[in-house]
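Which chain is which? The protein sequence lines are E and W, in order.
Going by this note's numbering, the residue at position 337 of the first sequence is 346; the numbering climbs one at a time, nothing skipped.
Going by this note's numbering, the residue at position 70 of the second sequence is 87; the numbering climbs one at a time, nothing skipped.
See structure below.
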Amino acid sequence: MKVEVNQKDFYQAINIVRKAVSTKTTLPILSGILLKTEGQRLRLVGTDLEMGIEAFVEAEIIEEGEVVLPAIYFANIIKELPNEKVDLEISKDNNTAFIKCGYSKFNINGSPADEFPSLPKVKSGKSFKIKEGRLKEIFGQVEFAISKDESKPFLNGGLLLFEEDKIKLVATDTYRLAYREDSIEELDIEGDAIVPSNTISEIAKLLNDSEDLVEVVLTENQILFNFAGITMVSRLIEGQFPNYKQVIPKNSKTKVEVDRMELLRATKRAALLARQDADIIKINLKEDRLVITANAPEVGQAYEEVSISLLGQETEIAFNANYLVDCLKAMKDETVNVELSGSLAPGVIKRDSDDYVYVIMPVRSA
Amino acid sequence: MELSIIHIDMDAFYASVEVRENPALRGKPVIIGGKSRRGVVSTASYEARCYGVGSAMPIAKARKLCPNGVYLKPRHSLYKEVSNNIREIFYRYTDLVEPLSLDEAYLDVKQNPKNSIRIAKEIKREIENNLGLTASVGISYNKFLAKLASDFNKPNGFKIISPYDFEELILPLDVKFLWGVGPKTEGKLKEIGLYKIKDIAQADRIVLIDKLGKKGYQIWKLAQGEDNREVTPPSRPKSIGKETTFKKDIGDKVLLIDYLKELCSEVSQRAVSNNIKGRSISLKLKYSDFEEFSKSQSCEYYFNKEEKIYKLALSILKEINLRKKVRLIGITLFNMRDNSIKQLCLSFKKTKK
Chain E
10 MKVEVNQKDF
20 YQAINIVRKA
30 VSTKTTLPIL
40 SGILLKTEGQ
50 RLRLVGTDLE
60 MGIEAFVEAE
70 IIEEGEVVLP
80 AIYFANIIKE
90 LPNEKVDLEI
100 SKDNNTAFIK
110 CGYSKFNING
120 SPADEFPSLP
130 KVKSGKSFKI
140 KEGRLKEIFG
150 QVEFAISKDE
160 SKPFLNGGLL
170 LFEEDKIKLV
180 ATDTYRLAYR
190 EDSIEELDIE
200 GDAIVPSNTI
210 SEIAKLLNDS
220 EDLVEVVLTE
230 NQILFNFAGI
240 TMVSRLIEGQ
250 FPNYKQVIPK
260 NSKTKVEVDR
270 MELLRATKRA
280 ALLARQDADI
290 IKINLKEDRL
300 VITANAPEVG
310 QAYEEVSISL
320 LGQETEIAFN
330 ANYLVDCLKA
340 MKDETVNVEL
350 SGSLAPGVIK
360 RDSDDYVYVI
370 MPVRSA
Chain W
18 MELSIIHIDM
28 DAFYASVEVR
38 ENPALRGKPV
48 IIGGKSRRGV
58 VSTASYEARC
68 YGVGSAMPIA
78 KARKLCPNGV
88 YLKPRHSLYK
98 EVSNNIREIF
108 YRYTDLVEPL
118 SLDEAYLDVK
128 QNPKNSIRIA
138 KEIKREIENN
148 LGLTASVGIS
158 YNKFLAKLAS
168 DFNKPNGFKI
178 ISPYDFEELI
188 LPLDVKFLWG
198 VGPKTEGKLK
208 EIGLYKIKDI
218 AQADRIVLID
228 KLGKKGYQIW
238 KLAQGEDNRE
248 VTPPSRPKSI
258 GKETTFKKDI
268 GDKVLLIDYL
278 KELCSEVSQR
288 AVSNNIKGRS
298 ISLKLKYSDF
308 EEFSKSQSCE
318 YYFNKEEKIY
328 KLALSILKEI
338 NLRKKVRLIG
348 ITLFNMRDNS
358 IKQLCLSFKK
368 TKK
């Protein structure tokens, strides 16, 4: 194999597929990236067998071929090369890669490509299209609520649901729950799937804030995303996601409308003095103001006030500040609605349109 | 300057507790210490001290000095219990209690309207009447002097050091009585001709700082009778850890897992008794060549149950590729918080399928 690739384009493609390269693996071949000439392009693949990403880069193909190169070394070398033409040549006998760019020369040992597991073939599944920017927002607003508790694998992903022209995504770590829906015209899918946390966060990073379309294909046990020349395939999580509908409160005793950025900034500042106390802040809701306090024994106290309009009872509640920050950061609206029903009942943050709902459980101090 | 700092030091604590438990030992030289060949004396009763037996002395040496002594193995849980009884008395007078060990504590009683000397007398009497033990008590206006005072006429002592006594009582003392002056610093001070606290009080601060750095400034301050350290009640521990060094290096993971289980149990017990939980575990290994390895793992919620600690620790250990034998294994629970705070959970009903 012998190819010429522009350094910047090359690094960009490597950086995309390396997101799927496994960092800890007992199969050494998986710590590499597959490179294969295909027409006038070079195809790159990384996979940890749970997830695989394929990307292409334009190249001058002088001689066809394929190889697997160690991802970390290869990526770091290409990254540091000057933005010029990179010559890559693979020796047929021992898979050594010769990389040349300007006055730089590297040779690194590769592995034969036939040892590299091919990405799972996606059998015909149901598919739909959605704008990149919209899918990115949906993922970004739910992703952080996914549980990291490995003893409950069915919570280690987001529940993706298709119901009546709507795409819905739900995630929970049992302390909070994030729900987002969006309508899609002529949605021809029904059913649900649990998409692994890692897949959601990597795809959210790769998606652009653009109007371009992403094709999503869902099969029995896989999900596939096709966009901007990138293909990502991921296995789905098996298991039963809990019934999320029952934990979203239907009504509340206190309703508040508040400026999102003001609440976010006040929460972040108050949380500076809540570190010692497991990040717990107290929120006091008065008729015209929301007061946040935090207490760090031996250090001091924080007091923050945000003006609000309140409907219903005045109340107080304590939350883990991070849970609040996660949600407020991910939302885009100017104002948000906070709904509470006393200091021990779940709190809700949502936007007017009800297409985003975030439920947080409070903290009880004995 | 208020005389609000009290230092309380139990007299020959372990030995006195043993005598209390077994009155037949009264008046006899009682020595508490590890019974193994390499054990040392942890406490000697005053009767035993007459023979020259002292703390930290090898038991073998003590036996030579005092062959007729009663040698006992320490019973830590008993001492801990008695220590808690003593602290309960302290807390009746103030929350500002800073225990230094099971048998020693500083109290700051400035918030108690009663006269501090009276409080100190009451505490001393209560310890004696209710618990059958004697304490030496020192009262002064800072920690350094309060501790010095309790040492003045041990055992069963009671001493007040007021600012008026300072010149007469403290200045003539040897420099080694200053807090923080051990044998090494003592030597350095005497080398430059400073023998008495008075010498230091009159010495040039700059010279002391030059010679001893930060410590020089500290002891110069003490020699002026100044000590700004506050009585600080123990805060929540930042971590709880336990480690063990093996008698013989271990290369077998199964064996390591056995030890791990034991460590987890101990860490859990300590966390539970402190009423705190942690969110992270770190596992430490020291290999036979003394190379150290440690790795930690965190969880979203706080825990102190043995099973959870063990599960996390085990998952770390399982991932390690043992290339060398291990001489030490340890685990630590950290990212702590008070157990009185509880993060509530969403109540998903169990849906049976």
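The beta-carbon is built from N, C-alpha and C at its ideal position, and this holds for glycine as well.
Rounded C-beta distance between Y110/W and L95/W? I'm assuming under 8 Å.
-> Y110/W to L95/W, Cβ: 25 Å. No contact.
Beta-carbon gap between D297/E and I326/E smaller than 8 Å | Remark: C-beta atoms of D297/E and I326/E do not approach each other more closely than 8 Å.
Between which two residues does the beta strand (DSSP E) harbouring L136/E extend?
-> Looking at the sequence shown, residue 136/E is not Leu but Ser. Its beta strand (DSSP E) spans residues 135-140.
Compare the C-beta of K160/W against all C-beta atoms of chain E and say whether one is closer than 8 Å.
-> Residue-level contact check: K160/W does not touch chain E, since none of the beta carbons of chain E fall below 8 Å from its beta carbon.
Inspect the beta-carbon positions of V284/W and I348/W and report whether they are closer than 8 Å.
-> Yes, the pair counts as a contact, with Cβ atoms nearer than the cut-off.
How long is the line joining the alpha carbons of K370/W and S243/E, rounded to whole angstroms?
-> The pLDDT assigned to K370/W is 40, lower than 50, so where the model puts this residue is not dependable, and the model offers no usable value.
R373/E: first and last residue of the uninterrupted alpha helix (DSSP H) it sits in = R373/E: not part of any alpha helix (DSSP H); member of the beta strand (DSSP E) spanning 372-374, first to last residue.
C-alpha distance - K135/E paired with N116/E, whole-angstrom precision | N116/E has its alpha-carbon roughly 44 Å from the corresponding atom of K135/E.
Which term fits D26/W, buried or exposed, when burial requires 16 or more other beta carbons within 10 angstroms of its beta carbon?
-> Flag for D26/W reads buried.
Do you know offhand how far G155/W's Cα is from K255/W's?
-> Inter-residue distance for G155/W and K255/W is about 31 Å (C-alpha atoms, whole angstroms).
In or out: H24/W buried (at least 16 other Cβ within 10 Å) or exposed?
-> With 16 or more other Cβ atoms within 10 Å, it is buried.
Check the Cβ-Cβ distances between A287/E and every residue of chain W, and say whether any is below 8 Å.
-> It does: the Cβ of A287/E has a partner Cβ on chain W nearer than 8 Å.
Complete runs of the beta strand (DSSP E) confined to the segment 208-267 of chain W [at least 3 residues] = Taking only runs of at least 3 residues, the beta strand (DSSP E) segments lying wholly in the segment 208-267 of chain W are 256-267.
Give the secondary structure of V99/W by DSSP, where H, G and I count as helix, E and B as strand, and everything else as coil.
-> Of the three classes helix, strand and coil, the one that applies to V99/W here is helix, per DSSP.
Where K369/W falls: helix, strand or coil (DSSP) | At K369/W, the pLDDT of 43 sits below 50, so the modelled position is not reliable; the number obtained from the coordinates is stated separately. Reduced to three states, the DSSP call for K369/W is coil.
Helix, strand or coil for F125/E, going by three-state DSSP, please let me know.
-> Three-state DSSP puts F125/E in coil, outside helix and strand.
Under the assumption that R373/W contacts G149/W (Cβ atoms under 8 Å), give the Cβ distance between them as a whole number of angstroms.
-> Lying outside 18 to 370, the shown extent of chain W, residue 373/W is not represented and no answer is given.
Identify whether S153/W lies in helix, strand or coil by the three-state DSSP scheme.
-> DSSP places S153/W in strand when its eight states are reduced to three.
Between A68/E and L51/E, which are expected to be in contact by the criterion C-beta below 8 Å, what is the C-beta distance as a whole number of angstroms?
-> With a contact defined as Cβ atoms closer than 8 Å, A68/E and L51/E qualify at about 4 Å.
Among K201/W, D227/W, R142/W, Q241/W, the one whose alpha carbon lies nearest that of E185/W | For the residues K201/W, D227/W, R142/W, Q241/W, the minimum Cα distance to E185/W belongs to Q241/W.
Is the CB of K259/E under 8 Å away from at least one CB in chain W?
-> Put simply, the CB of K259/E is far from chain W, with every gap to its CB atoms at 8 Å or more.
Which of the three DSSP states, helix, strand or coil, is assigned to M27/W?
-> M27/W: strand per DSSP, three-state reduction.
Given a cut-off of 8 Å, decide if K265/W and D306/W are closer than it, judged by their beta-carbon atoms.
-> K265/W is positioned such that its CB atom lies no closer than 8 Å to that of D306/W.
With DSSP run on the structure shown, which of helix, strand or coil describes R55/W?
-> Three-state DSSP puts R55/W in coil, outside helix and strand.
Residues in the segment 334-361 of chain E having any Cβ partner in chain W nearer than 8 Å | Flagged, chain order: L353, P355.
Could you tell me the distance, in whole angstroms, from the CA atom of A61/W to the CA atom of Q286/W?
-> In a straight line, the C-alpha of A61/W is about 30 Å away from that of Q286/W.
Look at the Cβ atom of E309/W, then the Cβ atom of K301/W, and state whether they are nearer than 8 Å.
-> In this structure, K301/W lies closer than 8 Å to E309/W by Cβ.
Excluding the five sequence neighbours on either side, which residues of its own chain have a C-beta within less than 6 Å of the C-beta of I49/W, listed in chain order?
-> The answer, listed in chain order, is Y31, A32, S59, T60, L89, P91.
Whose Cβ in chain W lies nearer than 9 Å to the Cβ of S156/E?
-> Chain-ordered, the chain W residues with CB closer than 9 Å to the CB of S156/E read E317.
Bridge partner(s) assigned by DSSP for R50/E = In the DSSP output, where bridge partners are listed per residue, R50/E has E47/E, E67/E.
Let me know if S364/W comes out buried or exposed under the rule of 16 or more other beta-carbons within 10 Å of its beta-carbon.
-> It counts as exposed.
So I76/W and V47/W are in contact, right, with Cβ under 8 Å, and what is the actual spacing, rounded?
-> Distance from I76/W to V47/W at the Cβ level is roughly 13 Å; contact not present, criterion being Cβ atoms closer than 8 Å.
Anything in the segment 336-368 of chain W with a Cβ closer than 7 Å to a Cβ of chain E? List those residues in chain order, please.
-> Residues of the segment 336-368 of chain W that bring their beta carbon within less than 7 Å of a beta carbon in chain E comprise R354, S357, I358, K359, Q360, L361, C362, L363, S364, F365, K366, T368, in sequence order.
Classification of L320/E by the beta-carbon crowding that lies within 10 angstroms, buried from 16 upward = By the neighbour-count rule (16 or more Cβ atoms within 10 Å), L320/E is not buried but exposed.
Find the residues of chain W that neighbour V372/E, judging by a C-beta separation of less than 9 Å, and give them in chain order.
-> V372/E reaches chain W at I358, K359, Q360, L361, counting residues in chain order whose Cβ is nearer than 9 Å.
Given a threshold of 16 other Cβ atoms within 10 Å of its Cβ, counted over all protein chains shown, does Q235/W qualify as buried or as exposed?
-> Answer is buried; the Cβ neighbour count reaches 16.
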